[in-house]
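Engineer: My questions all concern the structure below.
There are 2 protein chains.
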Amino acid sequence: MRTHQLVLQWIEGQLSSGQLALGGRLPAERSLAEQLQVSRTSVREAIRVLEAMGVLRAGVGSGPEAGTVVIADPTAALGSALRLHVATSHLPVKDVVETRVLLESWAASRARPESPSLAEAARLLEEMDGCADTEEFLALDVRFHLALADAAGNAVVSAMMGSLREAIQEYAGRLTGNLPDWDATATRLRAEHRGILAAITDHDGSRAAQLVAEHIEGYYAEAGLGSGA
Amino acid sequence: MRTHQLVLQWIEGQLSSGQLALGGRLPAERSLAEQLQVSRTSVREAIRVLEAMGVLRAGVGSGPEAGTVVIADPTAALGSALRLHVATSHLPVKDVVETRVLLESWAASRARPESPSLAEAARLLEEMDGCADTEEFLALDVRFHLALADAAGNAVVSAMMGSLREAIQEYAGRLTGNLPDWDATATRLRAEHRGILAAITDHDGSRAAQLVAEHIEGYYAEAGLGSGA
DNA sequence: TTACTTGATGTGGTTGGACCACACGCCTAG
DNA sequence: CTAGGCGTGTGGTCCAACCACATCAAGTAA
Chain A
10 MRTHQLVLQW
20 IEGQLSSGQL
30 ALGGRLPAER
40 SLAEQLQVSR
50 TSVREAIRVL
60 EAMGVLRAGV
70 GSGPEAGTVV
80 IADPTAALGS
90 ALRLHVATSH
100 LPVKDVVETR
110 VLLESWAASR
120 ARPESPSLAE
130 AARLLEEMDG
140 CADTEEFLAL
150 DVRFHLALAD
160 AAGNAVVSAM
170 MGSLREAIQE
180 YAGRLTGNLP
190 DWDATATRLR
200 AEHRGILAAI
210 TDHDGSRAAQ
220 LVAEHIEGYY
230 AEAGLGSGA
Chain B
10 MRTHQLVLQW
20 IEGQLSSGQL
30 ALGGRLPAER
40 SLAEQLQVSR
50 TSVREAIRVL
60 EAMGVLRAGV
70 GSGPEAGTVV
80 IADPTAALGS
90 ALRLHVATSH
100 LPVKDVVETR
110 VLLESWAASR
120 ARPESPSLAE
130 AARLLEEMDG
140 CADTEEFLAL
150 DVRFHLALAD
160 AAGNAVVSAM
170 MGSLREAIQE
180 YAGRLTGNLP
190 DWDATATRLR
200 AEHRGILAAI
210 TDHDGSRAAQ
220 LVAEHIEGYY
230 AEAGLGSGA
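So the protein sequences, as listed, match chains A and B. So for the first sequence, the numbering used here puts the first residue at 10; every next one is plus one. So for the second sequence, the numbering used here puts the first residue at 10; every next one is plus one.
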């Protein structure tokens, strides 16, 4: 057992037992090192790992915003992990897209029409109508899909969805360059978005799932998944 | 930009560009520190993060087994991340189970009957028949479900499946204590496993998916998900 | 010649100490 | 009462050293 893992275990124990909760502050690095009888280096290595996992956030300076506090950002952890393994070609982009279709279809079929996330999604659609910039459009698109996922009310699915999107974001961005006519594509995407939202509002979960699957697969097909990169 | 993140970027770049591939060896920590003009501490922090992500493995000593080498264990990264966030009560166990049902059902419906993973799954079932120990049975059960997931041929789904299982493994272990009659449950599980496998072999994906969903939900319902913990 | 011992070498693991930049909050001078 | 400076505590970074471990090569004894 390496030293920093001992620190990891201690912190995880504090989290499990509830003695360290969301928003709580970890003891200062020097203090924690002394308390656990290890070097500050080992404490820092453990904190670094938890930071990468989206569990902690380190802040310099003094005052309420400073110090190392407990956060909850599961998407960050899953996202960077997936991105790294995609980088090693161990996780094919094809599988990532396929999984995204699976999760998003499920979320669409389960989305509750009265969810506040859907109102947010509708608002994002309005914003996308008056948006000429490609990059800004894509950023709004990401938020729209995340809002749809949130509407299903499953935090794990939402986190995984977001992480999948993050993992292939750079890849997807390159794909848009393959598109023959961006304006036409954007118009089509807007229409498809509205169709999905309407299906959910109509309590037609299976139609919504079907539309989402076609929406995602259609985009990657048009942009040339498999032919490029 | 913090120093260790610079190291992270450098390594990720090496991975993306293919100059560092699976099984490849990272330069020695001291050497890499000098090369990137940073301290060994920062290099170590970056390596620690990638180790937690299942991308690297550090080995002491000398020779071919030593040094820091590139591995590919996405399940480890996703698993510990999920486990930590479950520990902070940010990801409800209910959502984890629900997601597991979703992924496993999909995998069962897509499993290719001729996949070698299915042969492995069948072998595991044989082993479970002659297994009286509860803990050993559960370990084999995990491997059985992972083999089923592998048979669908989607690495991302397999990794997520395994990580979900890992994240609630301790929780599930505690649940078995709630069971009124373990022997009866084990017998039922064995029968259900065979049913699932048969459905896949018969090319009946939808029946396999249905059986898997009932199999998982039934277990957690019997063990008292929601009533306990 | 063969087999064993022994040391050199190189790896990550750990430690302590030092210094920096930063941000807050008190405390003093105006 | 206000405005500025400075003390204090935080994480961020670096360095130099030492340890444990595993291998490999040279040397030695059989």
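For each residue, glycine too, the CB sits at the ideal point set by N, CA and C.
#1: Taking DSSP's pairing of strands, which residues face Thr-77(A) in a bridge?
#2: Where does Arg-174(A) sit, in a helix, a strand or coil, going by DSSP?
#3: What is the DSSP secondary structure of Arg-197(A), reduced to helix, strand or coil?
#4: Have a look at Ser-25(B) and Ala-96(A) and give me their C-alpha separation to the nearest angstrom.
#5: Where does Arg-34(A) fall in DSSP's three states?
#6: Residues of the segment 101–116 of chain A in Cβ contact with chain B at a cutoff of 7 Å, in chain order, please.
#7: Could you please tell me which residues of the segment 162–187 of chain A, in chain order, have their CB closer than 8 Å to any CB of chain B?
#8: In chain A, which residues lie less than 7 Å from Thr-50(B) when you measure between Cβ atoms?
#9: In the DSSP assignment, find the alpha helix (DSSP H) that holds His-99(A) and state where it starts and stops.
#10: Under 9 Å, do Ile-205(B) and Leu-184(B) count as touching if we go by C-beta distance?
#11: For Ala-160(A) and Ala-116(A), I'd like the C-alpha separation in whole angstroms.
#12: If you compare alpha carbons, which of Glu-38(A), Arg-57(A), Ala-158(A), Ile-177(A) is closest to Val-102(A)?
#13: Quick one: what does DSSP say Asp-142(B) is sitting in, helix, strand or coil?
#14: Do you know how far the Cα of Ala-148(A) is from the Cα of Val-199(A)?
#15: Please report how far the alpha carbon of Glu-144(A) lies from the alpha carbon of Thr-84(A), in whole angstroms.
#16: List the residues of chain A that His-154(B) touches, going by C-beta distances under 8 Å, in chain order.
#17: State the DSSP-derived secondary structure class of Leu-29(B), mapped to helix, strand or coil.
#18: Using a Cβ distance threshold of 8 Å, determine whether the segment 62–79 of chain A contacts the segment 43–53 of chain B, with at least three qualifying pairs required.
#19: Put Gln-46(B) into one of helix, strand or coil per three-state DSSP.
#20: Please confirm whether Met-10(A) has its beta-carbon closer than 9 Å to some beta-carbon of chain B.
#21: Just the Cα atoms here: how many angstroms apart are Asp-150(B) and Ala-195(B)?
#22: Can you grab the Cα-Cα spacing for the pair Ser-172(A) / Leu-59(B), in whole Å?
#23: Please classify Asp-104(B) as buried or exposed, where buried requires at least 16 neighbouring CB atoms within 10 angstroms.
#24: By the three-class DSSP mapping on this structure, what secondary structure does Arg-11(A) have?
#25: Just how far apart, CA to CA, sit Ala-131(A) and Leu-111(B)?
#26: Looking at chain B, is there any beta carbon in it that lies within less than 9 Å of the beta carbon of Gly-214(A)?
#27: Since Ala-217(A) and Ile-209(A) should fall inside the 8 Å C-beta cutoff, what is the C-beta to C-beta distance between them, to a whole number of angstroms?
#28: Determine, for Gly-72(A), whether the minimum Cβ-Cβ distance to residues of chain B falls below 9 Å.
#29: For the segment 121–145 of chain B, which residues have a CB atom closer than 8 Å to at least one CB atom of chain A, in sequence order?
Structural biologist: From the atom records:
#1: Ala-67(A)
#2: helix
#3: Helix at Arg-197(A).
#4: 5 Å
#5: strand
#6: Pro-101, Asp-104, Val-105, Glu-107, Thr-108, Leu-111, Trp-115
#7: Asn-163, Ala-164, Val-165, Val-166, Ala-168, Met-169, Leu-173
#8: Thr-50, listed in chain order.
#9: No alpha helix (DSSP H) contains His-99(A), which DSSP labels as neither H nor E.
#10: Taking a C-beta distance under 9 Å as the contact criterion, Ile-205(B) and Leu-184(B) do not qualify as a contact pair.
#11: C-alpha separation (whole angstroms): 7 Å.
#12: Ile-177(A)
#13: coil
#14: Per the sequence shown, residue 199(A) should be read as Arg rather than Val. About 14 Å.
#15: 21 Å
#16: Correct list: empty, because the minimum Cβ distance to chain A is about 17 Å.
#17: coil
#18: no
#19: Coil.
#20: no
#21: 10 Å
#22: 17 Å
#23: buried
#24: coil
#25: 27 Å
#26: no
#27: 5 Å
#28: no
#29: Residues passing the 8 Å Cβ filter: none.
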